[in-house]
């Protein structure tokens, strides 16, 4: 009888320890994934749309710049123009402003893309219950990644669907 | 004796008719209420949402039936008039856009730096926003026909804008599509293009 009691007690302890280990082990292993941010940015549908928009804007800006450059050249060549220095300064200022506004537009559009991209990435992580998603830039900061951890394609499909309003 | 019997017969028919009418009216009201609650709880179907940080965008599809129910909410319209209202709204595709600051503070004040900026934002929400909204089907892109900004003087943490696309029979045509998308270029909010997709099967029944 005593032998049986000892046997059951040992078995009980073994089960309890087993469960304990399982729980601890689960807590220690994080669900980690890696995404290639460069690929993500490039293949995000919004980026393609925004690129089209930006190209059109650049064309308009370039047209303005071209005509201003022509005016500037003619000002330089024409000896009869009074206040040549003043005129060319004014033109240079205008050209600089156009260039700056081009850069500003580029920055703002890129910022809009990152705002949406980060939001959808966060939603993906929460939905798939990841503990950590590492964004790698062309794999630069990571020495070795097991290819099974790379979820770039999966995330791309998710963010493009989200962007297009597909649940 | 015959006369009493015949009176009884007509009386029964009258009572049955009245009963039928009241049940029909009650069922009608019940159906409207059911439909309203279906729309209100229609996240992912009638209501499409997107959230970016503290800012959320909810776009509700206001079907011709919903518009007719809202219009006849005081019960002054007969079923014939209700049908007429519904037919009238077939020429529109209406939506309600709610932009909310989730931290509970006024949305407009969150977005501006000074009084001039505030006025400029009000002008944008009242008039300019129309140009940033369009409806896309598989074949067409429609420009927004009208918007109406419901002012709350920043007392509530959200701004609400009613949006409409007017074209003969548009509601019916959209329901023949598999889905359609409302595009809102939220450049003003630093987010860019937002796509809200409505599936005909979910919202046209």
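Residue numbers (the working numbering), protein chains in the order written: chain A, 8 to 174; chain B, 23 to 227. Virtual Cβ for every residue (Gly too), placed ideally from N, Cα, C.
- Where residue 143 of chain A is concerned, the enclosing beta strand (DSSP E) starts and stops at 139–143.
- For residue 186 of chain B, the beta-bridge partners assigned by DSSP are B:116, B:168.
- The three-state reading of DSSP puts residue 157 of chain B in strand, counting E and B together.
- In the three-state scheme derived from DSSP, where H, G and I count as helix and E and B as strand, residue 158 of chain A is classed as coil.
- Per the C-alpha coordinates, the member of A:172, A:141, A:150, A:171 positioned closest to residue 159 of chain A is A:141.
- The beta carbon of residue 101 of chain A lies closer than 7 Å to those of 75 in the same chain, with the five residues before and after it left out.
- Assigned with DSSP and collapsed to three states, residue 197 of chain B falls in helix.
- Interface flag for residue 219 of chain B against chain A is set, since a Cβ pair is found closer than 8 Å.
- Taken atom to atom, the span from the alpha-carbon of residue 154 of chain B to that of residue 170 of chain B is near 14 Å.
- Along the stretch 45–67 of chain A, the positions whose C-beta sits under 8 Å from a C-beta of chain B are 53, 56, 57, read in chain order.
- A direct Cα-to-Cα measurement between residue 111 of chain B and residue 216 of chain B gives close to 26 Å.
- Taking the CA atoms as reference points, residue 169 of chain A sits about 13 Å from residue 205 of chain B.
- For the set A:124, A:12, A:61, A:16, the Cα lying nearest the Cα of residue 171 of chain A is the one of A:124.
- Between residue 211 of chain B and residue 107 of chain B, the CB-CB gap reaches or exceeds 8 Å.
- The C-beta of residue 152 of chain B comes no closer than 8 Å to any C-beta of chain A.
- In the three-state reduction of the DSSP assignment, residue 141 of chain B falls in the helix class, which pools H, G and I.
- Within the same chain, 186 come within 6 Å of residue 168 of chain B by CB-CB distance, once the 5 residues on both sides are set aside.
- For residue 102 of chain A, the enclosing alpha helix (DSSP H) has its first and last residue at 91–134.
- Listed along the chain, the chain B residues whose CB falls inside 8 Å of the CB of residue 173 of chain A are 219.
- Annotated three-state conformation of residue 146 of chain B is helix, per DSSP.
- CA-to-CA, the gap between residue 144 of chain A and residue 47 of chain A works out to about 10 Å.
- Contact between residue 61 of chain A and residue 113 of chain A holds, since their C-beta atoms are separated by about 6 Å, short of 8 Å.
- When CB distances to chain B are screened at a threshold of 8 Å, the residues of the stretch 120–135 of chain A falling below it are 120, 122, 123, 126, in chain order.
- Assigned with DSSP and collapsed to three states, residue 205 of chain B falls in strand.
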